[in-house]
Every structure is written in structure tokens, then in C-alpha cells.
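Below is one structure; the comments refer to it alone.
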Amino acid sequence: MLGLPRSMIQGLVESKYVVPKVGPRGAFRFTFSDLVVMRAAQELLEAKVPARRVSRTLKQLRARLPENEPFGGLRIKAAGDRIVVQEGARQWEANTGQYVLDLAIARDRAELHVLPPSDVSAETAAQWFARASELEEEADVGAFSAYARALEADPSFADAYINLGRLLHEQGHLKEAEAVYRKGIVHCGEDALLHYNFGVLLDELERRQEALQAYRAALALRPDLADGHYNIALLYQASGQPRAALRHLNAYRKLMPATR
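In C-alpha cells:
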């Protein structure tokens, strides 16, 4: 089975990392999740990952997999002490569920490829977005993957780009966040908040001219975006343009309640 020695398979069963059904002659009948976990175990052990870390990764991987079949074609590859899962257009880390962008995954003998069944109906983008929002409230890293699923189902889902980009930004994955925002702007260029969030990211990266452009784009689409006026005022002030800064600061004051 997948080239694994019988002793390893027996150990995975005894540890309950795989829970196969037993046939009439005592033969194991493995589910899709069992096969994925077994492949991951072999990958990690061959990569010389410590046994304790293997156990932790397998437990987390098992918890993130559907019980019977995948939603789409799935590939798994060990990368050092990590297991990276590629499922259709999205990629995520097995031990965190975190969305991974633009990661090349080798296709060699160590790859597991499971073709999707024809009768599986994918969840809608709205359902994935709702699930991601719930996971985000619970501080569950699975939110990354769920937002990615929403975008896979609907590449024009602006709110999913906004939330995924923000999450990546908050977690310090700035390059990945930038990639999400740029892709979002290609598909949803009329969304002011998408441009604004992109401006916040560029501002933090100290790419001031690009941040100015992003804020300008946001304000062109939504002139009443108060925080956009405030942030662009700070940038103009820092770049030696006090008149422009004052103009946007005044706009900000008019838009905000007197108590702020």
C-alpha cells in the first residue's frame, strides 16, 4: 500500500492516525483520509523529520481532511519538515491550514494524486466565505483555506480577497497579502476597500508612491472613505506636500463625527 512497510501501516492503525474498516478476511479497507495520512507519514519519515513532529503533523492533517473524498485533485509533498497540500488551484500547509501562494510543488514519485469523483458538488463561494468568517472569529487558521476556497469558486468575490489579504497582512505574510490584493484588483477593480487595504499594506512596506496611488484609487471610487483621506493626508505630509495633506485632513474631519 503506497510502498509502506506493513509494520508502519500497523503502527499508524494502532496509533489511530488511520482508522480503516476491517473486511471479512481481516484485510484493511482504507478511506481517502487514511491514504493521505499514510502518504504524509512516509514523506515526513523519509525527510528525517523527528517522530514527535511527525505525530503532531499527522494529527493536524487528519483533522483538516474530508472523511471520504476530496473536493478536487489533491497532491501532497514534504518540504523539509512541512507537508504542503495542493488542492486544485489552492495550496495549504497540512499542520496549520494556512493558505500558500505561488509555491512550486514537485511532481515526482513521492506525489499522491487522487482524482475527484464526478458526483461531488462543490460548495458555493458564499458558503465557503461564511465558513471562513466563522473560523476567523474562532482564530482558526483554517480561515485562510476557506477564503481561498471561496475565491476558487468565485474569482470575482471581492470580500474574500479583502479578508484573505487582511489576514495574511496581520500574520506578517506581506508578500502573500500583496499577491492577493493585486489579483483581487484585477478581478474586482471597482471595490474601494480593496484598494484601501492594499494602500495600508504598501504604506507599511514604506512604498509611499504606490500607497498614494492605492489610496487615490480608493477615494476616486468612494470619496466618503474617511480613513482613506486620513491616511493619504499623512503620506502627503511626510512627502512635503502640506497643502494636499491639509485638503484631505479637512475632508476627513468633515466626514467624521465631532466626537472623534
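Letter by letter, the sequence shown follows residues 28 to 287 in the numbering used here.
Beta carbons: idealized from backbone N, C-alpha and C, even for Gly.
Alpha carbon to alpha carbon, how far is residue i from residue j?
i	j	result
I36	G50	16 Å
L71	L178	30 Å
H214	F55	47 Å
R176	W155	6 Å
G216	Y174	19 Å
A74	S34	19 Å
D311	L239	Past the edges of the chain, shown from 28 to 287, lies residue 311, and the structure says nothing about it.
R280	R270	15 Å
S160	R52	46 Å
A272	A245	16 Å
Rounded to the nearest angstrom, how far is the Cβ of residue i from that of residue j, given a contact under 8 Å?
i	j	result
L221	G211	5 Å
E252	Y223	In the sequence under discussion, the amino acid at residue 252 is Leu, which differs from the Glu named in the question. Yes, L252 and Y223 are in contact; Cβ-Cβ is about 6 Å, under 8 Å.
A219	R249	4 Å
R235	S266	6 Å
Which residue comes first and which comes last in the alpha helix (DSSP H) that contains residue i?
i	result
F225	219 to 231
A253	253 to 265
G53	Here G53 belongs to no alpha helix (DSSP H), and DSSP marks it neither H nor E.
F171	169 to 180
A185	185 to 197
V213	201 to 214
G269	It is Pro, not Gly, that sits at residue 269 in the sequence shown. First-last of the alpha helix (DSSP H) with P269: 269 to 282.
Identify, in the order they occur along the chain, each residue of the same chain with its Cβ nearer than 8 Å to the Cβ of residue i, setting aside the five sequence neighbours on each side.
i	result
Y208	Y188, G192, L221, N224, F225, L228
So, for residue i: in the same chain, excluding its five sequence neighbours on each side, which residues have a beta-carbon less than 7 Å away from its beta-carbon?
i	result
H275	H256, I259, A260, Y263
If I measure Cβ to Cβ from residue i and keep anything under 6 Å in the same chain, skipping five residues before and after, which residues do I get?
i	result
P47	F55, R56, F57, D61
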